[in-house]
Amino acid sequence: MNIDNIKKEFPIFNSKIHNNDLVYLDSANSSQKPLVVINRIYDFYTKEFSNVGRSVHYLAVAATNLYEKTRSSVQKYINAKDKNEIVFTKGATEAINLVANTFGQKYLKEGDEILITELEHHSNYVPWHFLRKEKGIKIKFAEVNNDGEITIESIEKKITNKTKLIAFTHLSNVTGAILPVKEITELAHSKKIPVLVDGCQSAPHLKLDMQDLDCDFYAISCHKMYGPTGLGILYAKKKWLEDLPPYQGGGGMIGQVKKDGISYGDLPNKYEAGTMATAQVIAFDESIKFLEKIGIHNIMQHEKQLMDYGEEILRKNNSVKLVGNPKKKGAVLSFTIDGIHPHDIATILDEDGVAIRAGHHCCQILHDKLGLTSTARASLGIYNTTDDIDKLNLSINKCKKIFNLK
Amino acid sequence: MNIDNIKKEFPIFNSKIHNNDLVYLDSANSSQKPLVVINRIYDFYTKEFSNVGRSVHYLAVAATNLYEKTRSSVQKYINAKDKNEIVFTKGATEAINLVANTFGQKYLKEGDEILITELEHHSNYVPWHFLRKEKGIKIKFAEVNNDGEITIESIEKKITNKTKLIAFTHLSNVTGAILPVKEITELAHSKKIPVLVDGCQSAPHLKLDMQDLDCDFYAISCHKMYGPTGLGILYAKKKWLEDLPPYQGGGGMIGQVKKDGISYGDLPNKYEAGTMATAQVIAFDESIKFLEKIGIHNIMQHEKQLMDYGEEILRKNNSVKLVGNPKKKGAVLSFTIDGIHPHDIATILDEDGVAIRAGHHCCQILHDKLGLTSTARASLGIYNTTDDIDKLNLSINKCKKIFNLK
Amino acid sequence: MNLKELYQEIILDHGKNPRNLKKIENFNNDATGHNPLCGDKVHIYLNINNNNKVEDISFEGSGCAISMASASIMTDLVKGKDETEVKEIISDFLDMIKEKPELSSKNINEEDKTKLMCLSGVKKYPMRVKCATLSWHTLTSAINNSKDEINTEKMDT
Amino acid sequence: MNLKELYQEIILDHGKNPRNLKKIENFNNDATGHNPLCGDKVHIYLNINNNNKVEDISFEGSGCAISMASASIMTDLVKGKDETEVKEIISDFLDMIKEKPELSSKNINEEDKTKLMCLSGVKKYPMRVKCATLSWHTLTSAINNSKDEINTEKMDT
Ligand SMILES: Cc1ncc(COP(=O)(O)O)c(C=O)c1O
Ligand SMILES: Cc1ncc(COP(=O)(O)O)c(C=O)c1O
Chain V
1 MNIDNIKKEF PIFNSKIHNN DLVYLDSANS SQKPLVVINR IYDFYTKEFS
51 NVGRSVHYLA VAATNLYEKT RSSVQKYINA KDKNEIVFTK GATEAINLVA
101 NTFGQKYLKE GDEILITELE HHSNYVPWHF LRKEKGIKIK FAEVNNDGEI
151 TIESIEKKIT NKTKLIAFTH LSNVTGAILP VKEITELAHS KKIPVLVDGC
201 QSAPHLKLDM QDLDCDFYAI SCHKMYGPTG LGILYAKKKW LEDLPPYQGG
251 GGMIGQVKKD GISYGDLPNK YEAGTMATAQ VIAFDESIKF LEKIGIHNIM
301 QHEKQLMDYG EEILRKNNSV KLVGNPKKKG AVLSFTIDGI HPHDIATILD
351 EDGVAIRAGH HCCQILHDKL GLTSTARASL GIYNTTDDID KLNLSINKCK
401 KIFNLK
Chain E
1 MNIDNIKKEF PIFNSKIHNN DLVYLDSANS SQKPLVVINR IYDFYTKEFS
51 NVGRSVHYLA VAATNLYEKT RSSVQKYINA KDKNEIVFTK GATEAINLVA
101 NTFGQKYLKE GDEILITELE HHSNYVPWHF LRKEKGIKIK FAEVNNDGEI
151 TIESIEKKIT NKTKLIAFTH LSNVTGAILP VKEITELAHS KKIPVLVDGC
201 QSAPHLKLDM QDLDCDFYAI SCHKMYGPTG LGILYAKKKW LEDLPPYQGG
251 GGMIGQVKKD GISYGDLPNK YEAGTMATAQ VIAFDESIKF LEKIGIHNIM
301 QHEKQLMDYG EEILRKNNSV KLVGNPKKKG AVLSFTIDGI HPHDIATILD
351 EDGVAIRAGH HCCQILHDKL GLTSTARASL GIYNTTDDID KLNLSINKCK
401 KIFNLK
Chain P
1 MNLKELYQEI ILDHGKNPRN LKKIENFNND ATGHNPLCGD KVHIYLNINN
51 NNKVEDISFE GSGCAISMAS ASIMTDLVKG KDETEVKEII SDFLDMIKEK
101 PELSSKNINE EDKTKLMCLS GVKKYPMRVK CATLSWHTLT SAINNSKDEI
151 NTEKMDT
Chain F
1 MNLKELYQEI ILDHGKNPRN LKKIENFNND ATGHNPLCGD KVHIYLNINN
51 NNKVEDISFE GSGCAISMAS ASIMTDLVKG KDETEVKEII SDFLDMIKEK
101 PELSSKNINE EDKTKLMCLS GVKKYPMRVK CATLSWHTLT SAINNSKDEI
151 NTEKMDT
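In structure tokens form, the structure reads like this:
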């Protein structure tokens, strides 16, 4: 599959927005879906639907096998050691809540510290805040530097002998900074501190290798990875999944159930209570296949070229200021325009079919630090082209004209 | 829409199972999906996809409106007072976990009692068990009678001045017993005890009227209601959603986020952390429309006829024993055959394309009580016909022949 | 074209050079409002005299052109009016933004009506309605001196 | 037709009248197994003598025809064999159920092989493989006298 005309695999690009072609630059929010994934959902529901795991009839057996096949595909794609290290959740948010809740229950007490960063998405802060309220733990923030990066030093500085876990994003959804996950993990492990990585933004764009990164937990949102909505993945080392208590209770996650006690099922069932997002899991196998067909190296190269082109164009544009200047950066171009509020930018761009996001992008801590309430963000997917960047730039010029800027 | 040939609205019935027509009798596990629902998912992803709530561009605004439209449809369908009393979850299991967790946090302490019943699905027991372990609460079980019913007396008997909540199923997924929700709720409220109803099995089959039932919480699984997988609904009275703490933390559910504190969003956002199952919610609107078109009274009448026919046929069949004999019964025919294990029954039936479920149906407590480890269960949906029942009966006779029974 | 209606000269002017953007010294009522979706904030300061008249009013905050213009025009408009008049104007404005084609309040003169109607362009942009109404809701709580923060999510806009 | 292969006379016979279905008095090793999906349970009792030989073996439990027949045939078969032989037979059986077309163990005579091969019909019914293997896994833990309950979910079947 050639990445240069991959757009045609995504039916959404046949739609017109206000009579214009869609220039979709909101993939960090959620990516569009290729036809193979959409078709898989359709076919599954029309020809093969059954709930998984519980019945022994033909459709149920077939669905269960398909469901488990996706687990194996994910394992392979992210190079996890064991397929039972892959837990399906409703999203990355649930994945992080799962870890915070169960790790917190078992290992955290008053005065303990969780170290996160100023770059974190609310999804990697609020779950820890719950523990702060409930257990009296402390949350420390590694500081972002002027380029919008988190360095290993900024992490190291905040580690104390009370640090019980370090949780940070792999790729910032605002500055685009790519964090040195492997190095931070090495440092943390040298002090016997486990590491959770929020992989929401990295998963669609970077090569994923759990055994190489060696982190303890890794959270992924499938809907940002060209997959269906309502699905996420928690990767966790087996020792943790075996060691931690269950999260939600219900059907399928139990062993024996008596009036006075319950034993839990084995992995991965222990963490998949209730009827799961069957169709979505099964369709996500197509997302993985699709990504594998293009090849992660081609994706990374394509997006790097786009990023370079985009940064160059935007830097040249008067009044436009890029947010953050990290040395390693991926897939996200956040910017402000002096004199135009991001909300106004987004509205004006939308009129041309250019879809970006404006706001704090669920990163209020970072925006406070930057002294901004809001930024405009163009984020990239595999289907974007330099043409999209040119259209973005043209529409930005239109904003400036409306607001009488030069 | 005429319910008598509604099967043709469900494309799955064009599939062959081991060269036979599919006789789908596993709807209590998960229902099949009508084409309108499947098409809606397809159309949404191919023409309209965007994440909801966060961006101001065209697709995002349209998706947000569609998403909220489903909330209004659900409100109307279940006659809730306020649309913000509808919270989307990943399933009924999550809905019950949400209540157990947040209600437990705020209102339960050692020695307090939660009253459930012996009919409960693991999803309405395990979440309370977590609180038993964590907080030292007690779980009391209202006893099932010989007909597989829970009477108001059996509930009343177990209420003490320590009872803090009563949680029970509306319709048993094993005996089919329909519980007197309104009367139990009245009794509970007269003692100032709130009520949670597990509506998983009732939602597809009975008229839902939250204001009439007056229960405090009601949990629904959309995938059993002719909707997509990965979606559930928690109905909760507004006063509870305002009063209880949030459940999962993340994007979208916050108000202001500072390093030292967080304020939460208003309803329903407070309980919808992270990216939700956007496509599924939007498609579920079609499930509701579909049900409304047929009309709940037609559905109830159709299923009652089927139930009566099924009970008659099975009672006549030598060696077949129905499980439970409740006076008010819906949609579920559980049975055993002396001398044939339910697993063997299910396998043999499957060869004829007759899909039933065998096992404990996530109700081990009930099976213990009945002195069984496992039962066979044929459960009905709107697409079933007396012909399906006849085929079930024929296949049962085949089982008996293989096992040399009369 | 809709954008021209949304970003009329008056809006751009008030957005860029908002009137009454400061903290008055002698305020006796105030309230803050916040839109969690975009992070926009507004703080309204009121000086209401013994005759229940708005002696002075100002605001602080940051936001898009629409929200700044709305706060700016609003503060200009209500200065000198008494509480009941102000309340009536607020509800007239909110009705107009929500559904009514025109303003009908007797308490607004024609020139001010023209200014306010410039904000009606947001009707075509449902996600932006909150931007136009945040300061108005906040003014209501300032008048009622209810110290609760106004969160536009809760509002019926 | 597959069903005929699955429910052969031998299976039905052993399923209906399982041999060794009782609790022997003088067991010195035992273990229980459980299949959480269907609720099937098995408890194996072993008497292993000083020469590491299975002096006696029995089981209690409930389950489908396949699981009862499998336990029945298995207990008949291993009686009188020594521990190493039994372990070898177990792994040969599990290999056969998983992937190998035939049994290859020297420790099983032809008549017993024929009986065991009757269980190979489950290969076409992946969800039923656990039924056939539960008692075998449980026997392993009884021999190792590991008191952990065997949960088929964990097993590599
Ligand atoms: C009575 C009952 N309660 C709860 C559940 C759990 O629902 P879900 O698996 O959709 O979360 C089910 C279905 O399995 C059920 O039948
Ligand atoms: C960095 C980051 N973390 C976490 C999330 C939350 O993911 P989800 O909303 O899919 O649960 C997002 C996406 O919104 C994100 O960008």
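In the order they appear, the protein sequences are chains V, E, P and F. Note that this note's numbering numbers the first sequence so that position 227 is 227, with each residue one more than the last. Note that this note's numbering numbers the second sequence so that position 232 is 232, with each residue one more than the last. Note that this note's numbering numbers the third sequence so that position 91 is 91, with each residue one more than the last. Note that this note's numbering numbers the fourth sequence so that position 141 is 141, with each residue one more than the last. For every residue, glycine included, the Cβ atom is placed at its ideal position computed from N, Cα and C. No experiment lies behind these values; they were computed from the predicted model shown.
Legend entry - At least 3 beta-carbon pairs within less than 8 Å: the segment 99-108 of chain V vs the segment 68-76 of chain V: Judged by pairs of C-beta atoms under 8 Å, the segment 99-108 of chain V does not touch the segment 68-76 of chain V, as fewer than three such pairs exist.
Legend entry - Proximity winner among E/Gln211, E/Ser55, E/Asn39 and E/Cys363, relative to E/Tyr77 (alpha-carbon distances): E/Gln211
Inset, instruction - Measure the C-alpha to C-alpha separation of E/Ile402 and F/Lys81 and round it to an integer number of angstroms. - result: A direct Cα-Cα distance of roughly 34 Å separates E/Ile402 from F/Lys81.
Inset, instruction - Determine, using beta-carbon pairs with one atom in the segment 32-40 of chain F and one in the segment 126-136 of chain F, whether at least three such pairs fall under 8 Å. - result: The answer is yes - the segment 126-136 of chain F touches the segment 32-40 of chain F, with three or more Cβ pairs under 8 Å.
Legend entry - Contact set between V/Ala279 and chain E, taken where Cβ atoms lie within less than 8 Å: Pro228, Thr229 and Gly230
Legend entry - Three or more C-beta pairs below 8 Å linking the segment 155-163 of chain V and the segment 196-204 of chain V: Per the Cβ contact rule, the segment 155-163 of chain V is not in contact with the segment 196-204 of chain V (fewer than 3 Cβ pairs under 8 Å).
Inset, instruction - Mind checking the segment 243-257 of chain V against chain F and listing, in chain order, the residues whose C-beta falls within less than 8 Å of any C-beta there? - result: Ile254, Gly255 and Gln256
Inset, instruction - Decide if P/His137 is buried, meaning its Cβ has at least 16 other Cβ atoms within 10 Å, or exposed. - result: buried
Inset, instruction - Starting from P/Leu218, find everything on chain V with Cβ-Cβ shorter than 7 Å and list it in chain order. - result: The structure shown does not extend to residue 218 of chain P, since chain P is modelled only from 1 to 157, so the question has no answer here.
Legend entry - Run of the alpha helix (DSSP H) containing E/Gly353, from where it starts to where it stops: Premise fails: E/Gly353 is in no alpha helix (DSSP H) and is neither H nor E.
Inset, instruction - Using a Cβ cut-off of 7 Å (strictly closer), state whether V/Thr373 contacts chain P. - result: yes
Inset, instruction - Verify whether the separation of the beta carbon atoms of V/Ile262 and E/His129 is less than 7 Å. - result: yes
Inset, instruction - Using a Cβ-Cβ cut-off of 7 Å, state whether E/His343 counts as contacting chain F. - result: yes
Inset, instruction - Measure the CB-CB distance between E/Leu349 and E/Ser395 and report whether it falls below 7 Å. - result: yes
Inset, instruction - Along the beta strand (DSSP E) that carries V/Tyr125, what are the first and last residues, could you check? - result: Taken as a continuous stretch (DSSP letters only), V/Tyr125 belongs to no beta strand (DSSP E), as it is neither H nor E.
Inset, instruction - Indicate whether P/Asn20 and P/Ile48 have their beta-carbon atoms separated by less than 7 Å. - result: Cβ distance not < 7 Å, so P/Asn20 and P/Ile48 don't count as in contact.
Legend entry - 7 Å Cβ shell around F/Ser105 - same chain, five flanking residues per side excluded: Glu88, Ile89 and Asp92
Inset, instruction - Measuring only between beta-carbons, confirm whether F/Lys154 sits less than 7 Å from chain E. - result: With a pLDDT of only 40 at F/Lys154, under the threshold of 50, the placement of this residue in the model should not be trusted, and no figure is reported.
Inset, instruction - Quick one: which residues of the segment 40-60 of chain P get their C-beta closer than 9 Å to a C-beta of chain V? List them in chain order. - result: Asp40 and Lys41
Legend entry - V/His223, DSSP secondary structure in three states: Helix.
Inset, instruction - Flag this pair as touching only if the segment 213-226 of chain V and the segment 17-36 of chain V have three or more C-beta atom pairs under 8 Å; answer yes or no. - result: yes
Legend entry - In DSSP terms, what E/Tyr264 is bridged to: Per DSSP, E/Ile254.
Inset, instruction - Check E/Tyr218 in the structure and name its three-state DSSP category. - result: strand
Inset, instruction - Determine the extent of the beta strand (DSSP E) in which F/His43 is found, giving its start and end residues. - result: Asp40 to Ile48
Inset, instruction - Let me know the secondary structure DSSP gives V/Asn5 once reduced to three states. - result: Looking at V/Asn5 - three-state DSSP - the assignment turns out to be helix.
Inset, instruction - Please classify P/Arg19: does DSSP put it in a helix, a strand, or coil? - result: coil
Inset, instruction - Would you mind telling me which residues of chain P sit closer than 8 Å to V/His170, beta carbon to beta carbon, in chain order? - result: Those do not exist, as V/His170 stays about 24 Å from chain P at its closest Cβ, beyond 8 Å.
Inset, instruction - Within the segment 315-394 of chain V, note down every full alpha helix (DSSP H) run reaching 4 residues or more, in order along the chain. - result: 342-351 and 364-370
Inset, instruction - Note down, in chain order, each residue of its chain lying with its Cβ closer than 8 Å to the Cβ of V/Ile116, except the 5 sequence neighbours on either side. - result: Contacts found: Asn124, Tyr125, Trp128, Ile139, Lys140, Phe141, Ala142, Ile166, Ala167 and Phe168.
Legend entry - Nonlocal neighbours in the same chain, by C-beta distance under 6 Å from V/Gly381, ignoring five residues either side: Ser27 and Ser31
Legend entry - E/Trp240 versus E/Asp216: straight-line alpha-carbon distance, rounded: Those two C-alpha atoms are separated by around 8 Å.
Inset, instruction - Would you verify that the beta carbon of P/Leu134 is, or is not, closer than 7 Å to some beta carbon of chain E? - result: no
Legend entry - Among F/Asn2, F/Lys16, F/Asn26 and F/Asn52, the one whose alpha carbon lies nearest that of F/Thr84: The candidate whose alpha carbon is nearest that of F/Thr84 is F/Asn52.
Legend entry - Neighbour list for F/Met127 in chain V, Cβ cutoff strictly below 7 Å: Val56 and Val61
Legend entry - Interface flag, F/Leu3 vs chain E, CB-CB below 7 Å: yes
Inset, instruction - Measure the CB-CB distance between E/Val52 and E/Thr336 and report whether it falls below 7 Å. - result: Going by C-beta atoms, E/Val52 is not nearer than 7 Å to E/Thr336.
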